[in-house]
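Please read the structure below before turning to the comments.
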Ligand SMILES: NC(=O)c1ccc[n+]([C@@H]2O[C@H](COP(=O)([O-])OP(=O)(O)OC[C@H]3O[C@@H](n4cnc5c(N)ncnc54)[C@H](OP(=O)(O)O)[C@@H]3O)[C@@H](O)[C@H]2O)c1
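Residue numbers (this note's numbering): 1 to 307.
Structure (structure tokens):
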């Protein structure tokens with residue numbers, strides 16, 4: 001897992017957040033040219049290395065080439081600009097931020113050159129769906145190592161997950177907490193209470209158990225620590241499947257009542273409210289029923305396994 005820094009401006013708050021993360025065990029930081037904060041990320045990294053005695057190679061730094069710079073020469077130049085702002089000699093991972101039609105293949109050739117020249121440790125993409133990956137891979141010499149996409153319990157990217165797993169591409173979750181939008185979710189609260197954990201921790205653990213790298217953003221030290229405290233519990237299949245089924249049902253109900261087929265950040269607040277009320281409804285009425293059924297099924301499976 002790593003620290004995200006989207007929407008954090010250059011300045012002391014960002015420098016302190018990066019330092020706090022490294023001090024508390026984070027080794028991966030995710031930024032992008034368009035976040036316009038690479039200078040402070042670089043400063044945070046340098047100060048953290050000095051404080052901890054860690055070496056540059058102990059950290060994993062990611063940045064992304066923005067849409068306006070997609071192209072062969074322009075992407076090569078954008079990489080140099082990012083390195084200069086970060087004041088680093090190399091990046092561990094450089095991503096194409098968005099799959100802009102007609103542009104991402106030239107940008108990918110540039111990333112391949114950077115990789116072959118040893119300027120970057122790994123190259124990947126972001127916001128690529130299956131058809132983008134298929135198209136890119138037709139001409140690519142190097143398969144992307146990472147695809148960073150919006151991923152959280154209301155957008156579980158099943159088709160993309162199956163595809164990336166098959167092609168050995170690591171999925172990475174952006175906005176894992178739906179920019180904080182999932183943190184009041186009643187069903188997730190119920191699950192979190194069962195584990196004595198916060199909703200954020202349950203979601204981030206859910207990412208890891210799906211084999212997805214997660215990069216929650218926080219500038220608050222206490223939350224930075226909380227978000228990385230994920231390794232002393234495991235979501236059980238029973239509760240996990242129970243919740244996934246409920247989410248699926250809620251998503252299905254949503255698609256029946258609105259034209260939006262994939263819930264996520266693009267939803268309006270009215271649609272979001274509808275998802276919440278659907279979840280509340282399930283919580284109050286159907287949750288017990290569905291959960292008990294699934295629980296019952298698992299009990300039966302476990303009894304048979306014992307015999
Ligand atoms: N590739 C892409 O197109 C793309 C797009 C979006 C994001 N990203 C990357 O993904 C990273 C994460 O996504 P995100 O920043 O959009 O959203 P996020 O990580 O889902 O949520 C961040 C929000 O949740 C709050 N938060 C974090 N931990 C919390 C906790 N334990 N308890 C309560 N609130 C908490 C943060 O507030 P505080 O800071 O006040 O704690 C912030 O408002 C970004 O920072 C960026 O690096 C990539």
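Backbone N, C-alpha and C fix where the C-beta goes; we use that ideal spot for every residue, glycine too. These numbers come from a predicted model, not from an experiment.
#1: So, is residue 68 buried or exposed, given that buried needs 16 or more other C-beta atoms within 10 angstroms?
#2: Between residue 224 and the rest of its own chain, which residues show a CB-CB distance below 8 Å, the 5 nearest in sequence each way excluded?
#3: Is it buried or exposed for residue 102, if we count other Cβ within 10 angstroms and need 16 for buried?
#4: Taking the alpha carbon of residue 153 as the point to measure from, which residue in 203, 164, 15 and 80 has its own alpha carbon closest?
#5: If we call anything under 7 Å between Cβ atoms a contact, is residue 214 one with residue 1?
#6: Under three-state DSSP, which class holds residue 148?
#7: Judging by CA-CA distance, which residue of 172, 235 and 135 is the nearest neighbour of residue 209?
#8: Is any heavy atom of ligand 3 found at a distance shorter than 6 Å from the C-beta of residue 153?
#9: Does the region 33-48 come within contact of the region 57-73, defined as at least 3 CB pairs closer than 8 Å?
#10: If you reduce the DSSP assignment to three classes, tell me which class residue 199 lands in.
#11: Within the same chain, show all residues whose beta-carbon is closer than 8 Å to that of residue 13, passing over the 5 residues directly before and after it, in chain order.
#12: With 16 as the cutoff for other CB atoms within 10 Å, does residue 197 come out buried or exposed?
#13: Which same chain residues, not among the five before or five after residue 58, have their C-beta less than 7 Å away from its C-beta?
#14: Hey, would you say residue 171 sits closer than 7 Å to residue 207, going by beta carbons?
#15: Let me confirm a value: residue 233 is counted as buried when at least 16 other C-beta atoms fall within 10 Å, else exposed. Which label applies?
#16: Rounded to the nearest angstrom, how far is the Cβ of residue 15 from that of residue 44, given a contact under 8 Å?
#17: Give the secondary structure of residue 182 by DSSP, where H, G and I count as helix, E and B as strand, and everything else as coil.
#18: Using 8 Å as the cut-off, can you tell me whether the region 111-125 makes contact with the region 177-189, which would need three or more C-beta pairs spanning the two stretches below that distance?
#19: Classify residue 169 as helix, strand or coil using the three-state DSSP reduction.
#20: Output the distance between the C-alpha atoms of residue 78 and residue 119, rounded to the nearest integer angstrom.
#21: If we ignore side chains and look at the alpha-carbon of each, how far apart do residue 71 and residue 96 end up?
#22: Relative to ligand 1, is the shortest distance from any of its heavy atoms to the C-beta of residue 220 smaller than 6 Å?
#23: When you compare only the Cα positions, how much space is there between residue 40 and residue 194?
#24: State the beta-bridge partners of residue 74 as determined by DSSP.
#25: Answer with buried or exposed for residue 185, where buried requires no fewer than 16 other C-beta atoms within 10 angstroms of its C-beta.
#26: Skipping 5 residues on each side, what residues in its chain have a beta carbon closer than 6 Å to that of residue 272?
#27: Helix, strand or coil: which one does DSSP assign to residue 82?
#28: Let me know if residue 38 comes out buried or exposed under the rule of 16 or more other beta-carbons within 10 Å of its beta-carbon.
#29: Using the Cβ count rule (16 or more neighbours within 10 Å means buried), how would you classify residue 222?
On the basis of the supplied data:
#1: exposed
#2: 3, 17, 20, 21, 24, 26 and 218
#3: exposed
#4: 203
#5: yes
#6: strand
#7: 235
#8: Looking at this structure, you won't find ligand 3 anywhere; what it does contain is ligand 1.
#9: yes
#10: helix
#11: 219
#12: It counts as buried.
#13: 27
#14: no
#15: exposed
#16: 4 Å
#17: coil
#18: no
#19: coil
#20: Whole-angstrom Cα-Cα distance: 13 Å.
#21: Inter-residue distance for residue 71 and residue 96 is about 11 Å (C-alpha atoms, whole angstroms).
#22: Yes, ligand 1 has a heavy atom inside 6 Å of this Cβ.
#23: 39 Å
#24: Paired residues: none, contrary to the question.
#25: buried
#26: Confidence at residue 272 is low in this model, with a pLDDT of 48, below 50, so its placement is unreliable and the value that follows should be read with caution. Same-chain partners within the cutoff: there are none.
#27: Helix, per DSSP.
#28: buried
#29: Residue 222 is exposed by the Cβ-count criterion.
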